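Heads up: the structure comes next, in structure tokens.
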Amino acid sequence: MEAHQSAVAHLSEEITRFYTSETPFWIYHGSTNCTRQISLDRSTIVDTSNLNHVLKIDPKRMVVLAEPNVPMDLLVQTTLKHGLIPPVVPEFPGITVGGAFSGTSGESSSFKYGYFDRIVNSIEIILANGEITTASQTGERNDLFNGTAGAFGTLGVLTLLEIQLIPAKRYVALTYIPVEDTKDAITTLRECVAAEKQPVDFVDGIQFSKDSGVVCVGRMTDTCNHTPQTFSGAWDPWFYMHAQSRCSSGSKEAPLTDTIPLQDYIFRYDRGAFWMGKYYPLFPFSFLNNTFSRWFWDSFLHTRVLFQSMHISNRSQKFIIQDLGLPLGIYPLWLCPLRIWRDVNFQRLRKGGNGDQLELAINVGVWGPGPDNFREFVDENRRLERRLGELGGRKWLYAHTYYTEEEFWQLYSKVEYEGLRRKYCAETLPNIYTKVKSTEVEFPRQDLKATWHGLYGHLLGYKVQYLLSGKKGKGD
């Protein structure tokens, strides 16, 4: 803890200087799974990238202390050594615990536990005036805790999290239940979540087309009576392709089941980034539909490298990438039931009436190519945002956000949010609208230019992959 305390003290001094000079600053984490284009001025950033350590695991209390830039794969590897796992683990290994807390992350266990921030007991945070303090979910400064969850670092600088753990098992027995349209999928999701005779640990779904989908139901187990199905190896299938195949081979009355190593299940969408990898501009549309091509390019097609390539090449500006409560005419769609606590923070879905908890919401992941014309692309996103608001839904703000400021604050609680910023001296920080709004940078119109941008991003992505591998040359 001594090294952690020293690093936090140094950050506190730096933040105090910004506060004294009334200079807004941004936080640099060293990596991102956000899909917006990001550009930072080195003179106005606070670099927290070295806060990337798991500090302590307490098996008796079943908690882990982790710094905010600990990625999910490291967190899982560390806790599994003690036979434990966080109840909610976002699906990409490079997502950090701080990013999951500040950015509203959920996964297939969220129907039971809620968002990632609901499994965090307490946080250490540096306020914008340099004060180091703590906040907990149910105790001291719980308004700061709940406000910081989903606020994208606009209330302070997160430096430590205490995260709950549960007993882990070696495998997940995953059953693929075929469904027809989205209505059938949502009905099946609700039935699986409500199952009492055979309670489940994980539930999500994929809608492959208007009239074909699958609901995936998982139970942790230590039993494996046949060869495990894996998704982490270069020769393994991408999960969504495998799920579609298993769905086609089974039936609703007799669905097929795989036994999957726990870590392979948790990060099953890493290779190919759900299905977005197949849209990469270097390849013809169907190029990655064969096993050899996916094997040959495997190092480039994990989410860490794909996100880096996407940002360098500006390719995210050509795709609709949203987490919503509504489907569009884009397939596949990811369907994930979420347990929502009402009024926990300003970003949550809202509902009248009494009680601490909403019934399940359905998160719909919409990830696919948008219109080629830039203005049509923006208009399509704007139409989606407008319709979502009309139906009482919300979008997770890691993605493209095209609301005007007035529209944004009609959906999200400005009074509550600004009250927290005043109370905790955060008014010199960029506010959340400033941070999440998309900068309308027109994407390249010529396919050849776009391809070269993609190649450049891909090569830089390979550099990142090389550095992540830990290999060093003689001159390093």
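Under numbering that gives the first Met the number 0, the residue at position 230 of the sequence shown is numbered 229, and the numbers go up by one with no gaps.
Beta carbons: idealized from backbone N, C-alpha and C, even for Gly.
No experiment lies behind these values; they were computed from the predicted model shown.
Practice prompt. Report the option in 207, 235, 259, 193 whose CA atom is closest to the CA atom of residue 225.
Written response: Comparing Cα positions, the closest option is 259.
* How would you call residue 29, buried or exposed, if buried means at least 16 neighbouring beta carbons within 10 angstroms? -> Under this definition residue 29 is an exposed residue.
| said: Just to confirm the assignment: which complete beta strand (DSSP E) runs, minimum length 3, are found wholly within the region 188-240? | reply: You should have 201-208, 211-220.
Just reading off the beta strand (DSSP E) that residue 135 is part of, what are its end residues? For residue 135, the enclosing beta strand (DSSP E) covers residues 131-135.
Any idea if residue 10 is buried or exposed, counting beta-carbon neighbours within 10 angstroms, 16 or more meaning buried? For residue 10, the number of other beta carbons within 10 angstroms of its own is at least 16, and it is reported as buried.
* To do: Give a yes or no on whether 8 Å exceeds the smallest Cβ distance from residue 130 to chain D.
  => No chain D is present in this structure, which holds just one protein chain.
task = With DSSP as the reference, label residue 62 as helix, strand or coil.
result = Under the three-state reduction of DSSP output, residue 62 falls in the strand class.
Member of 89, 402, 391, 363 whose CA lies at the smallest distance from the CA of residue 379: Nearest in C-alpha terms to residue 379, of all of 89, 402, 391, 363, is 402.
- request: Just the C-alpha distance for residue 127 and residue 160, rounded to the nearest angstrom, thanks.
  value: In this model, residue 127 and residue 160 are separated by some 18 Å (Cα to Cα).
(message) Let me make sure I understand the geometry here. Which of 333, 50, 25 has the alpha-carbon closest to that of residue 2?
(response) Looking at the Cα atoms, 50 is the closest of the given residues.
Practice problem: Give the straight-line distance between the Cα atoms of residue 164 and residue 155, rounded to the nearest whole angstrom. | Solution: Computed Cα separation, rounded: 26 Å.
key: Integer Cβ distance of residue 477 from residue 7, believed to fall under 8 Å   = Only positions 0 to 475 of the chain appear in the structure, and residue 477 is not among them; the question remains open.
Quiz item: Do the CB positions of residue 200 and residue 92 come within less than 8 Å of each other?
Solution: In this structure, residue 92 does not lie closer than 8 Å to residue 200 by Cβ.
Candidates 173, 88, 372, of which the one nearest residue 72 by Cα:
Taking residue 72 as reference, the option from 173, 88, 372 with the minimal CA-CA separation is 88.
> Can you name, in chain order, every residue of its own chain whose Cβ lies under 6 Å from the Cβ of residue 231, other than the five neighbours on each side?
Replying inline: Close CB contacts of residue 231 within its chain, under the 6 Å cut and outside five residues either way in sequence, are with 263 (chain order).
Does the distance from the C-beta atom of residue 214 to that of residue 191 stay below 8 Å?
A contact, by the Cβ cut-off of 8 Å.
Practice problem: Give a yes or no on whether the C-beta atoms belonging to residue 95 and residue 53 are separated by under 8 Å. | Solution: Judged by beta-carbon spacing, residue 53 lies beyond the 8 Å limit of residue 95, meaning their Cβ atoms are not closer than that value.
Discussion item. To the nearest angstrom, how far is the alpha carbon of residue 138 from that of residue 153?
Written reply: Residue 138 and residue 153: Cα-Cα distance of roughly 21 Å.
- [ ] Going by CA-CA distance only, name the one from 84, 42, 21, 275 that's closest to residue 57.
- [x] Out of 84, 42, 21, 275, 84 has the C-alpha closest to the C-alpha of residue 57.
Point to revise | Secondary structure of residue 94, DSSP reduced to three states | key: Of the three classes helix, strand and coil, the one that applies to residue 94 here is coil, per DSSP.
- Task: Spell out a yes or no on whether the region 230-247 and the region 170-184 are touching, meaning 3 or more CB-CB pairs, one atom from each, closer than 8 Å.
- Result: The answer is yes - the region 170-184 touches the region 230-247, with three or more Cβ pairs under 8 Å.
Handout entry: Counted within 10 angstroms of its Cβ, other Cβ atoms place residue 336 as buried (16 or more) or exposed
Key = It counts as buried.
_Which same chain residues end up closer than 7 Å to residue 13 when comparing Cβ atoms and leaving out the 5 residues on each side of it in sequence?_
Excluding residues up to 5 positions away in sequence, 45 lie with their Cβ nearer than 7 Å to the Cβ of residue 13 in the same chain.
**Item:** C-alpha gap between residue 365 and residue 182, whole angstroms
**Value:** About 17 Å.
**Q.** 7 Å CB neighbourhood of residue 227 in its chain, flanking five on each side removed
**A.** Closer than 7 Å at the Cβ level, and outside the excluded window around residue 227, lie 170, 258, 259, 260.
Review point. Rounded to whole angstroms, how far is the Cβ of residue 125 from the Cβ of residue 144, which I believe are closer than 8 Å?
Key: So it is not a contact: roughly 14 Å between Cβ atoms.
* Leaving out the 5 sequence neighbours to the left and right, which residues in its chain are closer than 7 Å to residue 135 when beta-carbon positions are compared? -> Residues of the same chain with a CB within less than 7 Å of the CB of residue 135, apart from the 5 flanking positions on each side, are 120, 121, 141, 144 in chain order.
**Message:** Quick check: residue 419 and residue 110, are their CB atoms within less than 8 Å of each other?
**Reply:** Taking 8 Å as the Cβ cut-off, residue 419 and residue 110 do not qualify as a contacting pair.
Checklist line | Beta-carbon separation (whole angstroms), residue 67 vs residue 47, contact threshold 8 Å | finding: A Cβ-Cβ distance of about 7 Å is found for the pair residue 67 and residue 47, placing them in contact under the 8 Å criterion.
Checklist entry - Based on the DSSP secondary-structure assignment, which residues constitute the bridge partners of residue 163? => result Looking at the DSSP assignment, residue 163 forms a beta bridge with 62.
May I ask whether a heavy atom of the ligand FAD can be found less than 7 Å away from the beta carbon of residue 109?
Only the bare structure without any ligand can be found here, which leaves the ligand FAD out of the picture.
Checklist line | Limits of the alpha helix (DSSP H) - the one that residue 73 falls within | finding: Going by DSSP, residue 73 is part of the alpha helix (DSSP H) stretching over 71-79.
Count the other C-beta atoms from every protein chain shown that fall within 10 angstroms of the C-beta of residue 107, then say buried if there are 16 or more, exposed otherwise. So residue 107 ends up on the buried side.
> Sorted by chain position, which residues of the same chain lie with C-beta nearer than 7 Å to residue 466's C-beta, five sequence neighbours on each side aside?
Replying inline: Because residue 466 sits at a pLDDT of 32, beneath the cut-off of 50, its placement in the model cannot be relied upon, and the following sentence gives the value as read from the coordinates. Around residue 466: no qualifying Cβ.
State the Cα-Cα distance for the pair residue 266 and residue 100, rounded to the nearest angstrom.
The alpha-carbon atoms of residue 266 and residue 100 are separated by roughly 18 Å.
**Q.** Residues near residue 17 in its chain [Cβ-Cβ closer than 6 Å; skip 5 each side]
**A.** Cβ within range, chain order: 24.
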